Structure formats: structure tokens, C-alpha cells
């Protein structure tokens, strides 16, 4: 699907972008792979690792609509990964988060429509479901923008979908690098925010593979959610810092005890497939022939029961401490 295609990744110098590029180059022969981001140092460092002839590096911010339009010329597929993601930082700097996560989403949509991009997938987060923090609220707004963009485009060719998943093992700013750093520094205890806290858990490769697959599955307008395991934060601490006592430092501003990916209120239009869920759009599109219980590659799903909720604390699949130790490299 991606052979001889032009693909642009916003925020492409991040953990996801690097793994996505590596995977695409290993499996396909794209015509162009465009990294769009605002950090010239990260682009320089990434260019040292990925310098294949198809690679292009664009300095630009998703807040800049004109630059996005320029970067998307003759692009077939877009992955929108750029975002301000740190929950506490968003609480203290709300307008900066809004400018990037909401206005940036508007600009990506406008640039894609202006260039007749074929398909766009925006990365979301479990924090966008029933959000209690500003980061989650901005990502919910972003999700709504990308869903509604399938109406905005009218009879144009561009289709927009969203992929939502949980915490990524080892991503920058996540808890695993923090635990590893504490152990390396000889810490006498490991800080956790709450002993009963749970999170959905996914590897970078699992996330990349899920996004790649959904370019084939998408009608446009749906939110794709993978079936993934949960972890207990105290088990994570034991897996990465065995034997060290836990220091309960309290929940940070804007944090939940458990995360949700499929809210109860969306159950009346959520479909369960073999390895994922799909939240169909609640709004009507001008195309009334779309049936979200079957995707574009023929996989069929069933409507979940009314009141269904996909939550990290009640997930059927939890990783044990031993599972956690092997999960990062084994998935």
C-alpha cells in the first residue's frame, strides 16, 4: 500500500515517528518520507540515522498552516503525531497546548484538503476519552475535528480517521525511562503517584503496526482502538526496580487513577472486532452508505452491549511482573 507513495509525518522526530520510519523503510519502498517538525537538532540527529534517498526533512510547526500546505504538496498519506503531551505542563501552559493540539489539528486538516491528500490518520490518546485534564480535552477536540473533517471535505478525495491508544513503553517522558534512570542513579526508593493506578500498555512497534493496518481498514470518520493489556503502576515499579521500596508521591495535576479508551456514552456506536474496537462517528456524513461494522478489508465487527466501557482498571488482560519484564522487547 505504501510502495511508491509519498508519506508525511508531523512530529516525525518523536519516538513514534522514528519507529514508523524504520518500519516503513524495512517493509516498503516509499517514493518520499517527509519528516515535518520544528526542532532542527532532532531533525539533524534523525537524519544521521535515516538518510535514504526517499527521506525529506521539513522544519515547520503545525501552528503554521502555510508551511503545512507547502509540505503536503503531492503527498498521499499523512500521519499526524505532533502534539504537546505532558499532562502537568499542559495544566500550567494551557494556551500553548491549545495552539498546538487544537489549532494545529485544524491546520493539518486544511492543508490535507487543499492538497487532495488521500488518507490522514491522527494519533490520539486514552486521555481524550472522558477527559479530566487539559491535554485530554485538547486531544478530544482534535479527534472531533478529524472526524468532522470527513464532512468538511465534501466531495473531495481526502479521508480522515483517528487512532487512540494508551501509554507507550519507553517513550520519551514516560514512566519507564524514569524508573530506569532512578535505578541507574542508585535511588533508594521508586516514586509512584498511586499504588492502585493502572494504565493501558503498548509497545512502539505495536502502535506503528496498528496505524499501518488502519490505513487499509479506514472508511473515514472512525476512531480505532487496539485491544491491549493493562498494567498496575506498582507492578511496573517492581519489574524495572525490583526490591526497591515504593514512595507514594500522590496523583499529579490532571491525572486519573484509571484510563478509558471506549467511554460508556459511546457504547451505542462502538463496534468490537477481533483485535480492536471502532467508535463510529455520532454525526451524519453526506455519504450515507458507510457501514462501520465492516471495514475496507472485509473484517466484520459487532455492536458492543449498551453501557460497555473499555477501562484500564477493569481490562480482562493484565500483565504480570514477569510479563512486563519481557513485554518491551517481546512485542
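In the UniProt record's numbering, the protein residues as written are 1 to 331.
Cβ atoms here follow ideal geometry from the backbone N, Cα and C, with glycine treated the same way.
Model, not experiment: these values are computed from the prediction.
Residues bridged to residue i by DSSP?
i           : result
residue 327 : In the DSSP output, where bridge partners are listed per residue, residue 327 has none listed.
residue 33  : 7 and 55
residue 191 : 247
residue 167 : 201
residue 47  : DSSP, once it has assigned bridges, lists no residue as partnering residue 47.
residue 302 : 272
residue 294 : 300
Where does residue i land, buried or exposed, given buried means 16+ other C-beta within 10 angstroms?
i           : result
residue 178 : exposed
residue 72  : buried
residue 3   : exposed
residue 317 : exposed
residue 333 : Past the edges of the chain, shown from 1 to 331, lies residue 333, and the structure says nothing about it.
residue 6   : buried
residue 305 : exposed
residue 314 : exposed
residue 261 : buried
residue 184 : exposed
residue 222 : buried
residue 268 : exposed
residue 320 : exposed
residue 253 : exposed
residue 272 : buried
residue 218 : buried
residue 311 : buried
residue 14  : buried
residue 165 : buried
residue 265 : exposed
residue 85  : buried
residue 30  : buried
residue 76  : buried
residue 104 : buried
Taking only three categories from DSSP, how would you classify residue i?
i           : result
residue 320 : coil
residue 70  : helix
residue 119 : strand
residue 161 : strand
residue 2   : coil
residue 196 : coil
residue 310 : strand
residue 185 : coil
residue 315 : coil
residue 180 : helix
residue 139 : helix
residue 18  : helix
residue 150 : helix
residue 155 : coil
residue 23  : helix
residue 175 : helix
Does the segment 186-196 come close enough to the segment 252-262 that 3 or more CB-CB pairs lie under 8 Å? yes
Starting from the N-terminal side, write out each stretch of the alpha helix (DSSP H) that is 4 residues or longer and does not extend beyond the segment 207-285. 233-240
Indicate whether the contact test is met: 3 or more Cβ pairs, each with one atom in the segment 77-95 and one in the segment 7-14, closer than 8 Å. yes
Spell out a yes or no on whether the segment 200-210 and the segment 290-304 are touching, meaning 3 or more CB-CB pairs, one atom from each, closer than 8 Å. no
In the segment 74-130, which residue ranges form an unbroken beta strand (DSSP E) of at least 3 residues, counting only runs that do not cross its ends? 77-80 and 119-125
Tell me, please, whether the segment 180-190 touches the segment 145-155 by the rule of three or more beta-carbon pairs shorter than 8 Å. A contact between stretches requires three or more CB pairs, one per stretch, nearer than 8 Å, and the segment 180-190 fails this requirement with the segment 145-155.
Three or more C-beta pairs below 8 Å linking the segment 89-99 and the segment 32-49: no
Assess, as a yes-or-no matter, whether the segment 211-230 is touched by the segment 276-289 under the definition of 3 or more beta carbon pairs within less than 8 Å. yes
For the segment 281-288 and the segment 234-242, state whether three or more C-beta atom pairs, one from each stretch, are separated by less than 8 Å. Segments in contact, no.
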